[in-house]
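Chains A and B supply the protein sequences, listed in that same order.
Per my numbering, the very first residue in the first sequence carries number 34; after that it's consecutive.
Per my numbering, the very first residue in the second sequence carries number 34; after that it's consecutive.
This report refers to the structure that appears directly beneath it.
Protein chains: 2
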Amino acid sequence: MVKIADVAREANVSVATVSRVLNKKGSVRPETCERVYKAIEKLSFEPNMSARNLRRNETRVILIVAPNITNPYYAHILAGIGDEARKSGYSALIYNTGGDEEREKNGMDMLKKRRADGAILLASNIDSMWVKEYADKYPIVHCSEYVKGLDIPRVSIDNYKATLEVMEYIISLGHKKIATISSSNSYISTLLRLKGYKDTLERHGIEVRKDYIALAGAEYSFKSGKAAAFKLLQQKDRPTAIFCISDTIALGAITAAKEMGLRVPEDLTVTGFDDVDYTTMFHPYITTVAQPCYDLGRKSFKILHACMNKTNDIEKKVVLPHKFIIRESSAPISTCD
Amino acid sequence: MVKIADVAREANVSVATVSRVLNKKGSVRPETCERVYKAIEKLSFEPNMSARNLRRNETRVILIVAPNITNPYYAHILAGIGDEARKSGYSALIYNTGGDEEREKNGMDMLKKRRADGAILLASNIDSMWVKEYADKYPIVHCSEYVKGLDIPRVSIDNYKATLEVMEYIISLGHKKIATISSSNSYISTLLRLKGYKDTLERHGIEVRKDYIALAGAEYSFKSGKAAAFKLLQQKDRPTAIFCISDTIALGAITAAKEMGLRVPEDLTVTGFDDVDYTTMFHPYITTVAQPCYDLGRKSFKILHACMNKTNDIEKKVVLPHKFIIRESSAPISTCD
């Protein structure tokens, strides 16, 4: 195996100089630097990264802790993080928790074991106070969701404001019987969207009805969205509009409506959230809130990078703009009946 | 920071004994072992894994190199690998290449840098001979796809045989104008499915027509499947059946047919491949080949584990059973016209 001493001999410099070049620290004359690189190439020298990074105490790896990576919502976030990490010479590795909090902790233990320099958490529960233990010691950034009350940098959209926009729009269409399909998870986005739903109704003097609030599964599955919609629509006094907190749920609701012989949007308005790819794969195209997923990912890495470099003035609460998009799944109440 | 010497002092044993306990090597009396564990707990000692594993030369991390992790086909494979890895005390980290071969190499360099003990490759091109360089030095297993001619363990279904089944079925329905939507990628599965398509037609004396072979994108996107179907169906002498090499492509083909006013399956038979979740999300439910994805993942890890442990008699070519499932998107030719 080629050693650093062999490279030094070949380049006719000291071991310390090779080390300075490898670690990009201290000053080395450009021509010396070039000589070292040539020697490295000639001898096919591969620095033992594990030994080297142990010394430097960094891995150049960041961890993305994700609950369910095949959820299409994460596609562009993961791409944004990955692209930005690569630009800075980092590899982004994904740890799939399947939504299990124990596995989330196991993933975070990678930081303790020095397998990664920092982590981006994609879906912490609002009350996961245990995250603090890690955040006190390691660079961590929350993306999309976050633990309430912890001083951890976070990047997200304004879920509450976005919900108000959707709800005001539905009400402006003349709907009064407006249901929501929320989720059984404990994400901050879920809470804020439910709060936005209730607050808008109250502001307009519309009663918040328990039988108009249904829950889909924690993972926003199509099946659970469909089941929740059936429950809402089988009621005698059925809603004329459903505000769904994810596009998959909305797709489930539209399918349920169709199977019951209801037309969307003529008989039922359905709105989604996130704007994943398939909102425009089937008619009716879904009215939804577009999240800037790629930018959420990029920004999360940028902040994590700043944390890892111990930069001052880390941005703590970054809110990126969303976009409400009206498509085919919503229509004025007048077209009903 | 608590050191191993502090633990030794607290437990009243030698450093070597603590080390034996930590590394589970050599013999230590149970009561001594317990004393060491108590000392570790009392002092909140955290072994420096990076230093420790450097010595032991293992990371207990395996790498999953994936082209596009949000492709629903990978969901259950990733779950299978992850579950099996956890059972053996390994963490499975995912490296997303976006289908880019350079990034695939960067991912594999993690092995060189000792960031992982082995890798499972989910989508190598058939001619990626560069994989050999890594396979000669590190434990590697191919899952689903593989490089032809390399002696690397692999787990997959029999893509050729599965295709023959689908094609024989379509022909048995009376179809003669049978098209295929293949892909522009270089996966072994793509090649074998195309070969199976052509061979079955030839065996039945049906001409293989160039204008009945269309290509979707390398990543099997819905959009590219839809575009390929439009191309096939806009021909004057249009096909009455399309054999699609993925469910997403089949979904695109069904959508294209609908937009052109064709009914599936009355006017057009469409079959898919893989049996991802949404084959039964919309009507018509898709006739397809189910892959045992979860088991493909589990088996891949098991073989990788054997490789990492340098077990003899490693299984080199594992073929798991597929299942052809007839649903609503296919029908006899007689119902056409």
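We treat Cβ as the ideally placed atom computed from N, Cα and C, and that holds for glycine.
Since this is a predicted model, take the numbers as computed values, not measurements.
Query - Length of the line joining the Cα atoms of D160 (chain B) and Y167 (chain B) - result: Looking up residue 160 (chain B) in the second sequence gives position 127. Looking up residue 167 (chain B) in the second sequence gives position 134. Computed Cα separation, rounded: 15 Å.
Query raised in the report: Quick one: which chain B residues come within Cβ less than 8 Å of T288 (chain A)?
Result: Taking the first residue of the first sequence as position 1, residue 288 (chain A) is located at position 255. Simply M314, F315.
Requested in this report: Show which residues of chain B have a CB atom less than 7 Å away from the CB atom of R242 (chain A).
Outcome: Within the first sequence, the letter at position 209 stands for residue 242 (chain A). Neighbours of R242 (chain A) on chain B: none; closest Cβ ~29 Å, over 7 Å.
Requested in this report: Please list, in chain order, all residues of the same chain as V40 (chain B) whose beta carbon is under 8 Å from its beta carbon, the five residues on each side excluded.
Outcome: Counting from 1 along the second sequence, the entry for residue 40 (chain B) is found at position 7. Closer than 8 Å at the Cβ level, and outside the excluded window around V40 (chain B), lie V51, V69, A72, I73, L76, F78.
Query raised in the report: If you run the structure through DSSP and keep just helix, strand and coil, what is L225 (chain A)?
Result: Along the first sequence, one-based indexing puts residue 225 (chain A) at 192. Looking at L225 (chain A) - three-state DSSP - the assignment turns out to be helix.
Report task. Given a cut-off of 8 Å, decide if A156 (chain B) and L96 (chain B) are closer than it, judged by their beta-carbon atoms. Result -> Residue 96 (chain B) sits at position 63 when you count from the first residue of the second sequence. Residue 156 (chain B) sits at position 123 when you count from the first residue of the second sequence. For the 8 Å CB-CB criterion, L96 (chain B) and A156 (chain B) do not form a contact.
Query raised in the report: Should the region 188–203 of chain A be regarded as contacting the region 352–361 of chain A, the criterion being three or more beta carbon pairs within less than 8 Å?
Result: In the pairwise beta carbon analysis, the region 188–203 of chain A is classified as touching the region 352–361 of chain A: at least three pairs are separated by under 8 Å.
Requested in this report: Determine the direct distance from the alpha carbon of G182 (chain B) to that of N158 (chain B), and round the result to whole angstroms.
Outcome: The residue given as residue 158 (chain B) occupies position 125 in the second sequence. The residue given as residue 182 (chain B) occupies position 149 in the second sequence. Take the alpha-carbon of N158 (chain B) and the one of G182 (chain B): they are about 12 Å apart.
Query raised in the report: What residue from B:V94, B:V46, B:P105, B:E178 has the CA that sits closest to L144 (chain B)'s CA?
Result: Along the second sequence, read from residue 1 onward, the residue named residue 144 (chain B) stands at position 111. Here the closest residue by C-alpha is B:V94.
Query raised in the report: For A195 (chain A), does the count of other Cβ atoms within 10 angstroms reach 16, so buried, or fall short, so exposed?
Result: In the first sequence, the residue the question calls residue 195 (chain A) occupies position 162. With a threshold of 16 other beta carbon atoms within 10 Å, A195 (chain A) meets it and is buried.
**Report entry** Closer than 8 Å to chain B by CB, T321 (chain A)
**Finding:** For the purposes of this step, residue 321 (chain A) is taken as residue 288 along the first sequence, with counting starting at 1. With 8 Å as the cut-off, T321 (chain A) does not count as an interface residue toward chain B.
Requested in this report: Counting only the same chain and skipping the five closest in sequence on each side, list residues whose C-beta sits under 7 Å from that of T223 (chain B).
Outcome: Locating residue 223 (chain B) in the second sequence gives position 190, where the first residue counts as 1. Closer than 7 Å at Cβ, skipping near neighbours: S215, S216, I278.
Query raised in the report: Are any of the Cβ atoms in chain A nearer than 8 Å to that of P325 (chain B)?
Result: Here residue 325 (chain B) is taken as the residue at index 292 of the second sequence, counted from 1. Judged by the 8 Å Cβ criterion, P325 (chain B) is not in contact with chain A.
Requested in this report: Whole angstroms is fine: what's the gap from I336 (chain B)'s alpha carbon to Q324 (chain B)'s?
Outcome: The residue you call residue 336 (chain B) lines up with position 303 of the second sequence. The residue you call residue 324 (chain B) lines up with position 291 of the second sequence. If you take the alpha carbons of I336 (chain B) and Q324 (chain B), they lie about 19 Å apart.
Query raised in the report: Who are the Cβ neighbours of H109 (chain A) in its own chain at under 6 Å, not counting the five residues just before and after it?
Result: Locating residue 109 (chain A) in the first sequence gives position 76, counting from the first residue. Taken in chain order, the residues that qualify are C326, Y327.
Query raised in the report: Where does N269 (chain A) sit, in a helix, a strand or coil, going by DSSP?
Result: Translated into positions along the first sequence, residue 269 (chain A) becomes position 236. Here the sequence assigns Lys to residue 269 (chain A), which means Asn is not the residue at that position. Reduced to three states, the DSSP call for K269 (chain A) is coil.
Requested in this report: Taking A283 (chain B) as the reference, give the member of A:A112, A:M162, A:M314 with the closest Cα.
Outcome: Position 250 of the second sequence, counting from 1, holds the residue named residue 283 (chain B). The shortest Cα separation from A283 (chain B) among A:A112, A:M162, A:M314 belongs to A:M314.
Query raised in the report: Are the C-beta atoms of I127 (chain B) and some chain A residue less than 8 Å apart?
Result: Translated into the one-based positions of the second sequence, residue 127 (chain B) becomes position 94. With its beta carbon less than 8 Å from one in chain A, I127 (chain B) belongs to the interface.
Report task. Establish whether the CB of R148 (chain A) and some CB of chain B are separated by less than 8 Å. Result -> Residue mapping note: residue 148 (chain A) aligns to position 115 of the first sequence, counting from 1. By this cut-off, R148 (chain A) is an interface position.
Query raised in the report: Expressed to the nearest angstrom, what Euclidean distance is found between the alpha-carbon atoms of M293 (chain B) and G132 (chain A)?
Result: Stepping through the second sequence from its first residue, residue 293 (chain B) is reached at position 260. Stepping through the first sequence from its first residue, residue 132 (chain A) is reached at position 99. Taking the Cα positions, M293 (chain B) is about 41 Å away from G132 (chain A).
Report task. Quickly, what does DSSP pair G182 (chain A) with across the bridge? List them, please. Result -> Looking up residue 182 (chain A) in the first sequence gives position 149. Paired residues: none, contrary to the question.
Query raised in the report: When you compare only the Cα positions, how much space is there between P63 (chain A) and K36 (chain A)?
Result: As a first step, residue 63 (chain A) must be located in the first sequence, where it is residue number 30. As a first step, residue 36 (chain A) must be located in the first sequence, where it is residue number 3. So the alpha carbons of these two residues sit roughly 22 Å apart.
Requested in this report: May I ask you to report which of helix, strand or coil DSSP gives D142 (chain B)?
Outcome: Translated into the one-based positions of the second sequence, residue 142 (chain B) becomes position 109. When secondary structure is reduced to three states using DSSP, D142 (chain B) falls in the helix class.
Query raised in the report: Going by Cα to Cα distance, which pick from B:V174, B:L227, B:R360, B:Y171 is closest to A249 (chain B)?
Result: Stepping through the second sequence from its first residue, residue 249 (chain B) is reached at position 216. Looking at the Cα atoms, B:L227 is the closest of the given residues.
**Report entry** DSSP beta-bridge partners of T302 (chain B)
**Finding:** Translated into positions along the second sequence, residue 302 (chain B) becomes position 269. Partner(s): B:A274.
Report task. Output the distance between the C-alpha atoms of V309 (chain B) and Y106 (chain B), rounded to the nearest integer angstrom. Result -> For the purposes of this step, residue 309 (chain B) is taken as the residue at position 276 of the second sequence. For the purposes of this step, residue 106 (chain B) is taken as the residue at position 73 of the second sequence. Going by C-alpha positions, V309 (chain B) is about 6 Å away from Y106 (chain B).
Query raised in the report: What does L107 (chain B) touch in chain A if you count any residue whose Cβ is under 8 Å from its own?
Result: Start at 1 with the first residue of the second sequence, and residue 107 (chain B) comes out as number 74. Just to set this straight, residue 107 (chain B) is Tyr in the shown sequence, not Leu. Within 8 Å Cβ-Cβ: T103.
**Report entry** For R147 (chain B) and T92 (chain B), the rounded distance between their alpha carbons
**Finding:** To locate residue 92 (chain B), count along the second sequence from 1; it is residue 59. To locate residue 147 (chain B), count along the second sequence from 1; it is residue 114. For T92 (chain B) and R147 (chain B), the distance between alpha carbons rounds to 7 Å.
Query raised in the report: Got a sec? Which residues, its chain only, sit under 6 Å from L225 (chain B) by beta carbon, not counting five neighbours each side?
Result: Numbered from its first residue, the second sequence carries residue 225 (chain B) at position 192. The beta carbon of L225 (chain B) lies closer than 6 Å to those of N192, Y193 in the same chain, with the five residues before and after it left out.
**Report entry** Selection of the region 229–241 of chain A by Cβ proximity to chain B, strictly under 9 Å
**Finding:** Taking 9 Å as the Cβ-Cβ cut-off against chain B, none of the residues of the region 229–241 of chain A qualify.
Query raised in the report: With a CB to CB cut of under 7 Å and the five nearest residues on each side skipped, what residues in its chain are close to A260 (chain A)?
Result: Within the first sequence, numbered from 1, the residue matching residue 260 (chain A) stands at position 227. Nothing meets the Cβ criterion.
Query - Span of the alpha helix (DSSP H) around N192 (chain B) - result: For the purposes of this step, residue 192 (chain B) is taken as residue 159 along the second sequence, with counting starting at 1. Segment 192–205, the alpha helix (DSSP H) holding N192 (chain B).
**Report entry** Contact list for G115 (chain A) against chain B, beta-carbon separation under 8 Å
**Finding:** Counting from one through the first sequence, the residue named residue 115 (chain A) turns up at place 82. Per Cβ cutoff of 8 Å: N129, G131.
Query raised in the report: Do the region 228–241 of chain B and the region 198–210 of chain B make contact, defined as three or more Cβ pairs closer than 8 Å?
Result: Because the criterion of three Cβ pairs below 8 Å is met, the region 228–241 of chain B and the region 198–210 of chain B touch.
Query - Listed by chain order, chain B residues near V371 (chain A) by CB distance under 7 Å - result: With chain A covering 34 to 370 only, the question about residue 371 (chain A) has no answer from this structure.
**Report entry** Per DSSP, cross-strand counterpart(s) of L154 (chain A)
**Finding:** Numbered from 1 along the first sequence, position 121 holds the residue referred to as residue 154 (chain A). Bridge partners of L154 (chain A): A:V98, A:H175.
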